[in-house]
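Following: one structure in C-alpha coordinates, then a few remarks.
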Amino acid sequence: MNFYDLSAKTPSGKIIEMADFKNKAVLIVNTATKCGLAPQFDGLEKLHEKYGKEGLVVLGFPCNQFLNQEPETNKTVEEACRINHGVTFQLTEKVDVNGSNTHPVFKYLKNELGGGILGKSIKWNFTKFLITPQGKPFKRYAPTTAPREIEGDIRRVLRK
(Lines of atoms letter the chains of each structure in order from A and count residues from 1; the text may use other names and numbers.)
(Lines give C-alpha, C1' and ligand atoms only; values in the text may rest on other atoms or scores of the structure.)
Protein backbone atom coordinates (compact mmCIF):
# COMPACT_ATOMS: atom_id res chain seq x y z
CA MET A 1 0.00 0.00 0.00
CA ASN A 2 1.12 3.56 -0.65
CA PHE A 3 -0.26 7.02 0.09
CA TYR A 4 -2.00 7.25 -3.28
CA ASP A 5 -4.04 4.11 -2.55
CA LEU A 6 -5.80 5.90 0.33
CA SER A 7 -8.91 8.04 0.48
CA ALA A 8 -10.99 10.01 2.95
CA LYS A 9 -14.41 11.63 2.91
CA THR A 10 -15.44 15.25 3.16
CA PRO A 11 -17.83 16.15 5.98
CA SER A 12 -20.68 15.76 3.47
CA GLY A 13 -19.49 12.27 2.46
CA LYS A 14 -17.79 12.99 -0.88
CA ILE A 15 -14.70 10.80 -1.44
CA ILE A 16 -11.30 12.49 -1.53
CA GLU A 17 -8.77 10.31 -3.34
CA MET A 18 -5.19 10.86 -2.25
CA ALA A 19 -4.21 9.91 -5.82
CA ASP A 20 -5.69 13.27 -6.87
CA PHE A 21 -2.75 14.88 -5.05
CA LYS A 22 0.01 13.30 -7.13
CA ASN A 23 2.77 15.85 -7.74
CA LYS A 24 1.58 17.95 -4.80
CA ALA A 25 2.93 18.15 -1.26
CA VAL A 26 0.27 17.23 1.30
CA LEU A 27 0.13 18.37 4.91
CA ILE A 28 -2.21 16.17 6.97
CA VAL A 29 -3.31 17.38 10.40
CA ASN A 30 -5.72 15.97 13.00
CA THR A 31 -7.71 19.00 14.15
CA ALA A 32 -10.08 20.01 16.93
CA THR A 33 -11.94 23.32 17.17
CA LYS A 34 -12.02 23.49 20.99
CA CYS A 35 -8.39 22.53 21.56
CA GLY A 36 -5.98 25.01 23.11
CA LEU A 37 -3.92 24.53 19.93
CA ALA A 38 -6.86 25.58 17.69
CA PRO A 39 -5.14 28.91 16.85
CA GLN A 40 -2.95 26.71 14.61
CA PHE A 41 -5.88 26.71 12.17
CA ASP A 42 -4.82 30.28 11.37
CA GLY A 43 -1.25 29.21 10.62
CA LEU A 44 -2.40 26.24 8.56
CA GLU A 45 -4.63 28.56 6.53
CA LYS A 46 -1.65 30.87 5.94
CA LEU A 47 0.39 27.93 4.62
CA HIS A 48 -2.55 26.94 2.40
CA GLU A 49 -2.81 30.47 1.00
CA LYS A 50 0.95 30.97 0.58
CA TYR A 51 1.88 27.60 -0.94
CA GLY A 52 -1.35 26.30 -2.46
CA LYS A 53 -0.53 27.65 -5.91
CA GLU A 54 2.93 26.07 -5.64
CA GLY A 55 1.43 22.65 -4.96
CA LEU A 56 0.69 22.36 -1.24
CA VAL A 57 -2.55 20.71 -0.15
CA VAL A 58 -3.57 21.05 3.50
CA LEU A 59 -6.02 18.43 4.76
CA GLY A 60 -7.59 18.77 8.19
CA PHE A 61 -8.98 15.61 9.78
CA PRO A 62 -11.29 16.60 12.67
CA CYS A 63 -10.91 14.24 15.62
CA ASN A 64 -12.74 14.04 18.94
CA GLN A 65 -10.48 11.51 20.67
CA PHE A 66 -8.64 13.96 22.92
CA LEU A 67 -10.82 15.25 25.78
CA ASN A 68 -13.80 15.65 23.41
CA GLN A 69 -12.27 18.80 21.95
CA GLU A 70 -14.09 18.42 18.62
CA PRO A 71 -17.77 18.76 19.54
CA GLU A 72 -18.74 19.93 16.06
CA THR A 73 -20.59 17.53 13.80
CA ASN A 74 -19.74 16.73 10.20
CA LYS A 75 -22.49 19.21 9.30
CA THR A 76 -21.08 22.09 11.37
CA VAL A 77 -17.30 21.62 11.46
CA GLU A 78 -16.52 23.41 8.19
CA GLU A 79 -18.61 26.43 9.09
CA ALA A 80 -17.09 26.64 12.59
CA CYS A 81 -13.57 26.52 11.15
CA ARG A 82 -14.40 29.11 8.48
CA ILE A 83 -16.07 31.54 10.91
CA ASN A 84 -13.56 31.21 13.75
CA HIS A 85 -10.32 30.80 11.79
CA GLY A 86 -10.98 31.70 8.14
CA VAL A 87 -10.30 28.13 7.05
CA THR A 88 -10.66 27.47 3.33
CA PHE A 89 -8.46 24.36 3.13
CA GLN A 90 -10.17 20.97 2.85
CA LEU A 91 -11.53 19.28 5.95
CA THR A 92 -12.61 15.66 6.14
CA GLU A 93 -15.34 13.98 8.10
CA LYS A 94 -14.56 13.36 11.77
CA VAL A 95 -12.17 10.44 12.20
CA ASP A 96 -10.35 8.42 14.83
CA VAL A 97 -6.56 8.63 14.74
CA ASN A 98 -5.92 5.96 17.39
CA GLY A 99 -7.55 2.71 18.43
CA SER A 100 -9.46 0.02 16.56
CA ASN A 101 -11.26 2.53 14.30
CA THR A 102 -8.15 4.44 13.25
CA HIS A 103 -8.67 6.02 9.83
CA PRO A 104 -6.55 4.26 7.15
CA VAL A 105 -4.64 7.48 6.35
CA PHE A 106 -3.45 7.70 9.96
CA LYS A 107 -2.72 3.94 10.16
CA TYR A 108 -0.49 4.34 7.12
CA LEU A 109 1.24 7.52 8.30
CA LYS A 110 1.85 6.24 11.83
CA ASN A 111 3.34 3.06 10.38
CA GLU A 112 5.57 4.96 7.95
CA LEU A 113 6.76 7.73 10.28
CA GLY A 114 6.44 6.14 13.70
CA GLY A 115 6.39 8.35 16.73
CA GLY A 116 8.32 9.34 19.78
CA ILE A 117 9.00 7.68 23.10
CA LEU A 118 5.33 6.75 23.51
CA GLY A 119 5.28 4.78 20.27
CA LYS A 120 3.40 5.38 17.04
CA SER A 121 0.14 6.63 18.53
CA ILE A 122 -1.04 10.18 17.98
CA LYS A 123 -0.46 12.03 21.25
CA TRP A 124 -2.79 15.01 20.78
CA ASN A 125 -4.65 17.24 18.35
CA PHE A 126 -2.67 19.00 15.63
CA THR A 127 -0.12 16.25 14.99
CA LYS A 128 1.06 16.96 11.45
CA PHE A 129 2.43 14.81 8.62
CA LEU A 130 4.11 16.17 5.48
CA ILE A 131 4.02 14.03 2.32
CA THR A 132 6.23 14.76 -0.69
CA PRO A 133 4.87 15.38 -4.20
CA GLN A 134 6.00 11.82 -4.96
CA GLY A 135 3.69 10.44 -2.25
CA LYS A 136 6.44 9.64 0.27
CA PRO A 137 5.83 10.46 3.93
CA PHE A 138 8.54 13.03 4.69
CA LYS A 139 8.20 14.05 8.33
CA ARG A 140 5.95 13.93 11.38
CA TYR A 141 5.55 17.02 13.56
CA ALA A 142 4.48 17.29 17.19
CA PRO A 143 1.18 18.97 18.08
CA THR A 144 3.06 21.94 19.52
CA THR A 145 5.04 22.52 16.31
CA ALA A 146 3.59 25.73 14.90
CA PRO A 147 2.66 25.66 11.21
CA ARG A 148 5.20 28.43 10.45
CA GLU A 149 7.95 26.12 11.75
CA ILE A 150 7.15 23.65 8.96
CA GLU A 151 7.58 26.23 6.19
CA GLY A 152 11.22 25.35 5.46
CA ASP A 153 10.34 21.68 4.99
CA ILE A 154 7.38 22.61 2.77
CA ARG A 155 9.65 24.69 0.53
CA ARG A 156 12.18 21.83 0.49
CA VAL A 157 9.69 19.17 -0.63
CA LEU A 158 8.05 21.48 -3.18
CA ARG A 159 11.46 21.93 -4.87
CA LYS A 160 12.10 18.18 -5.17
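Residues 45 to 204, numbered by our numbering, are exactly what the sequence shown covers, in order. For glycine and all other residues, C-beta sits at the position ideal for the given N, C-alpha and C. These figures come from a predicted structure and were not determined experimentally.
Between the options, which has its C-alpha nearest residue i's C-alpha?
{"i": "E122", "options": "L111, L135, P115", "result": "L135"}
{"i": "M45", "options": "G179, N128, I127, P83", "result": "G179"}
{"i": "C125", "options": "I166, V141, E193, T75", "result": "T75"}
{"i": "T171", "options": "Q109, R203, E61", "result": "Q109"}
{"i": "G158", "options": "R199, F133, A186", "result": "A186"}
{"i": "G96", "options": "K78, T77, T132, C79", "result": "T132"}
{"i": "I194", "options": "L50, V73, N155", "result": "V73"}
Pop quiz: residue i and residue j are said to be a contact at Cβ under 8 Å. What is the actual Cβ separation, rounded to whole angstroms?
{"i": "L103", "j": "L91", "result": "The Cβ separation is near 12 Å, so there is no contact."}
{"i": "P177", "j": "N67", "result": "5 Å"}
{"i": "L221", "j": "L71", "result": "Because residue 221 is not part of the residues shown, which for the chain are 45 to 204, the question remains open."}
{"i": "A69", "j": "Y48", "result": "The pair is not a contact, with the Cβ atoms about 14 Å apart (cut-off 8 Å)."}
{"i": "I166", "j": "N142", "result": "5 Å"}
Is residue i helix, strand or coil by DSSP?
{"i": "L50", "result": "coil"}
{"i": "K90", "result": "helix"}
{"i": "Y157", "result": "According to the sequence as given, residue 157 is Leu; it is not Tyr. It is helical."}
{"i": "Q84", "result": "helix"}
{"i": "I198", "result": "helix"}
{"i": "P148", "result": "helix"}
{"i": "I127", "result": "helix"}
{"i": "K138", "result": "coil"}
{"i": "F65", "result": "helix"}
{"i": "K119", "result": "coil"}
{"i": "P191", "result": "helix"}
{"i": "G96", "result": "helix"}
Where does residue i land, buried or exposed, given buried means 16+ other C-beta within 10 angstroms?
{"i": "P115", "result": "exposed"}
{"i": "E98", "result": "exposed"}
{"i": "E89", "result": "buried"}
{"i": "T188", "result": "exposed"}
{"i": "G191", "result": "According to the sequence shown, residue 191 is Pro rather than Gly. P191 should be labelled buried."}
{"i": "N112", "result": "exposed"}
{"i": "P83", "result": "exposed"}
{"i": "N169", "result": "buried"}
{"i": "I59", "result": "exposed"}
{"i": "R184", "result": "buried"}
Item to check | Sufficient close CB pairs (3 or more, under 8 Å) joining the segment 46-61 to the segment 130-145 | outcome: yes
Item to check | Sufficient close CB pairs (3 or more, under 8 Å) joining the segment 144-151 to the segment 108-126 | outcome: Result no; under three Cβ-Cβ pairs closer than 8 Å.
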